[in-house]
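**Q** For the sequence shown, counting from 1, position 142 maps to 142 in the UniProt record's numbering; every step adds exactly one. Quick reminder that beta carbons are idealized off the backbone N, C-alpha and C, glycines included. Please read all numbers here as calculations on a predicted model, not as lab measurements. Would you mind keeping the following structure in view while I ask a few things?
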Amino acid sequence: MLTRPGRARAAAGRTVDPTGPHPLELAGLLHELSARLLSAEGVTPALERLAEFTAGAVPGTVRCSVALIGEGGPPAQAGHGPAGESVDTLQYAQGTPGPGLEAARTRTLVTVPDLATDLRWPDLAEAARAERVHAMAAIPLDLPRAEVGALSLYFDEPGAPGPDRLLIAMALASQAEVLLDELRRRDALSAGATVDHAIGVIIAQRGCGVQEAHDVLRDTAQRLGLDRRTVADRLIAVAARNA
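Quick look at the structure:
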């Protein structure tokens, strides 16, 4: 990564030019993000790494949050930074309309010069003033596997985030979409292998056919209120202890 005079040090220990990223610097950020996310043990820790990395990579950011919204269930959400957590809670835990949810819903970039005074989000104004966050940018995330979301950045100074900051954030968000989808694919493959293993255990224990074993696993998961992957993991663990 090239070094140039006048660069400001980011929170995570990297250095980024406040006047705009050099192409090689941006390439370096994307490479580092890829390494960090692909080495995560699943999507949830990857979201935490993404939030932390972006907060340190985009100059002036006091908080970065990321949320993924699938079909049913609460959003998968992570955040990093000292200010703005209550704004995230209002949006993602309570469903209060806000820039992050708007970006996810419309799949468009949403910028906010001052969240505390923006008439589009009156229910967030008090929380924004209390935490002294002002400008905000929410970048949509669109994963092919039926999930949408947003990467949101908070700034403690009013005024729309400049194009250079948005360039870095949008490049990281675009890379994150690809990486998170790959992690989802890996999780799906791992879950499939675990279920197949559990089906083999059921067949061996009961002397039944494949379809009956699938029915047993499904019915057990429904009775316990758990997903099939969790029940399969437990069944395999019990079988291993008994062996």
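For Ala51 and Leu119, what's the separation of their Cα atoms in angstroms?
**A** If you take the alpha carbons of Ala51 and Leu119, they lie about 27 Å apart.
**Q** Confirm, please, whether the CB-CB distance from Asp181 to Leu143 is below 7 Å.
**A** yes
**Q** In the DSSP assignment, find the beta strand (DSSP E) that holds Gln77 and state where it starts and stops.
**A** 76-80
**Q** Taking the C-alpha atoms as reference points, what is the distance between Ala104 and Leu151?
**A** 9 Å
**Q** Give the DSSP-derived three-state secondary structure of Ala137 in the structure shown.
**A** Three-state result, Ala137: strand.
**Q** Since I believe Asp156 is in contact with His134 (beta carbons under 8 Å), could you give me their beta-carbon distance rounded to a whole number of angstroms?
**A** 6 Å
**Q** Does the segment 122-134 come into contact with the segment 167-184, if we say contact requires no fewer than three beta-carbon pairs (one atom in each stretch) closer than 8 Å?
**A** no
**Q** Measuring straight from C-alpha to C-alpha, what distance separates Leu189 and Asp114?
**A** In a straight line, the C-alpha of Leu189 is about 44 Å away from that of Asp114.
**Q** State the start and end residues of the unbroken alpha helix (DSSP H) segment that holds Ala27.
**A** If you look at Ala27, you'll find it in the alpha helix (DSSP H) that goes 23-38.
**Q** Within 8 Å, do at least three Cβ pairs link the segment 220-236 to the segment 194-203?
**A** yes
**Q** I'd like to check one pair, Ala127 with Ser65: are the Cβ atoms closer than 7 Å?
**A** no
**Q** Is it the case that the segment 95-110 contacts the segment 28-36, given that we only count it when at least three CB pairs across the two stretches are under 8 Å?
**A** With the cut-off at 8 Å, the segment 28-36 and the segment 95-110 do not touch.
**Q** Quick one: complete beta strand (DSSP E) runs, 3+ long, within the segment 66-123?
**A** 76-80, 110-112
**Q** Which residues bound the alpha helix (DSSP H) around Val201?
**A** For Val201, the enclosing alpha helix (DSSP H) begins and ends at 163-206.
**Q** Alpha carbon to alpha carbon, how far is Asn242 from Gln94? Give it in angstroms, no decimals.
**A** 45 Å
**Q** Pop quiz: Leu179 and Leu47 are said to be a contact at Cβ under 8 Å. What is the actual Cβ separation, rounded to whole angstroms?
**A** The Cβ separation is near 11 Å, so there is no contact.
**Q** Determine the burial state of Glu41: buried for a count of at least 16 other Cβ atoms within 10 Å of its Cβ, exposed for fewer.
**A** exposed
**Q** CB Val231 to CB Ala240, shorter than 7 Å?
**A** no
**Q** Looking at the unbroken alpha helix (DSSP H) that takes in Gly56, where does it start and where does it end?
**A** 43-57
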